[in-house]
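Last residue of the sequence shown: 98 in this note's numbering, with the numbers rising by one and none dropped.
For each residue, glycine too, the CB sits at the ideal point set by N, CA and C.
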Amino acid sequence: MNSLNKVQLIGNLTADPEVRQTPNGQYVANFSMATNRVWKDSAGMKQEQVEFHNIVVWGKLAEIVEQYVKKGKKIYIE
(Lines of atoms letter the chains of each structure in order from A and count residues from 1; the text may use other names and numbers.)
(Lines give C-alpha, C1' and ligand atoms only; values in the text may rest on other atoms or scores of the structure.)
Protein backbone atom coordinates (compact mmCIF):
# COMPACT_ATOMS: atom_id res chain seq x y z
CA MET A 1 0.00 0.00 0.00
CA ASN A 2 1.34 3.44 -0.93
CA SER A 3 1.43 6.29 1.54
CA LEU A 4 1.79 10.05 1.43
CA ASN A 5 3.12 12.53 3.96
CA LYS A 6 2.65 16.18 2.96
CA VAL A 7 3.76 19.09 5.14
CA GLN A 8 2.97 22.80 4.93
CA LEU A 9 4.76 25.22 7.27
CA ILE A 10 4.49 28.98 7.70
CA GLY A 11 6.99 30.42 10.15
CA ASN A 12 10.04 32.56 10.74
CA LEU A 13 13.71 31.76 10.20
CA THR A 14 15.65 31.47 13.46
CA ALA A 15 19.02 32.26 11.81
CA ASP A 16 20.46 33.06 8.40
CA PRO A 17 20.64 29.98 6.14
CA GLU A 18 23.93 28.11 5.81
CA VAL A 19 24.58 27.65 2.09
CA ARG A 20 27.41 25.58 0.64
CA GLN A 21 28.35 23.66 -2.47
CA THR A 22 28.90 19.92 -2.56
CA PRO A 23 32.14 18.61 -4.14
CA ASN A 24 30.25 18.14 -7.43
CA GLY A 25 29.11 21.79 -7.39
CA GLN A 26 25.50 21.39 -6.26
CA TYR A 27 24.18 24.04 -3.87
CA VAL A 28 22.61 23.00 -0.56
CA ALA A 29 21.04 25.28 2.07
CA ASN A 30 20.28 24.39 5.69
CA PHE A 31 18.15 26.52 7.99
CA SER A 32 15.80 26.33 10.93
CA MET A 33 12.35 27.86 11.17
CA ALA A 34 9.96 28.32 14.07
CA THR A 35 6.20 27.86 13.86
CA ASN A 36 3.82 29.14 16.55
CA ARG A 37 0.43 27.85 17.62
CA VAL A 38 -1.69 30.16 19.80
CA TRP A 39 -4.95 29.24 21.52
CA LYS A 40 -7.03 29.92 24.61
CA ASP A 41 -7.30 27.16 27.19
CA SER A 42 -10.49 26.19 29.04
CA ALA A 43 -9.89 29.01 31.57
CA GLY A 44 -9.64 31.57 28.74
CA MET A 45 -5.88 32.05 29.19
CA LYS A 46 -3.75 32.54 26.08
CA GLN A 47 -1.39 29.63 25.44
CA GLU A 48 1.42 29.42 22.91
CA GLN A 49 3.49 26.54 21.62
CA VAL A 50 6.59 27.00 19.46
CA GLU A 51 8.01 24.21 17.32
CA PHE A 52 11.34 24.26 15.47
CA HIS A 53 11.88 22.61 12.09
CA ASN A 54 15.21 21.89 10.37
CA ILE A 55 14.96 22.42 6.61
CA VAL A 56 17.31 21.36 3.79
CA VAL A 57 16.90 22.54 0.18
CA TRP A 58 19.00 21.66 -2.87
CA GLY A 59 19.96 23.09 -6.25
CA LYS A 60 18.40 26.25 -7.66
CA LEU A 61 16.10 26.58 -4.64
CA ALA A 62 19.17 26.70 -2.36
CA GLU A 63 20.58 29.54 -4.47
CA ILE A 64 17.28 31.45 -4.17
CA VAL A 65 17.28 30.90 -0.39
CA GLU A 66 20.82 32.28 -0.19
CA GLN A 67 19.78 35.44 -2.04
CA TYR A 68 16.43 36.26 -0.43
CA VAL A 69 15.94 34.45 2.90
CA LYS A 70 17.38 35.93 6.11
CA LYS A 71 16.89 35.55 9.87
CA GLY A 72 13.42 36.64 11.02
CA LYS A 73 11.86 36.45 7.55
CA LYS A 74 8.47 34.74 7.33
CA ILE A 75 8.49 31.88 4.85
CA TYR A 76 6.15 29.19 3.51
CA ILE A 77 7.42 25.64 3.00
CA GLU A 78 5.55 22.85 1.22
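- For Q46, there is no enclosing beta strand (DSSP E), as DSSP marks it with neither H nor E.
- Y47 and W78 have their C-alpha atoms some 6 Å from each other.
- Here the alpha carbons of N74 and Y88 stand approximately 18 Å from one another.
- Only exposed fits V70, as fewer than 16 other CB atoms lie within 10 angstroms of its CB.
- Taking the C-beta atoms as reference points, A35 is found no nearer than 9 Å to K94.
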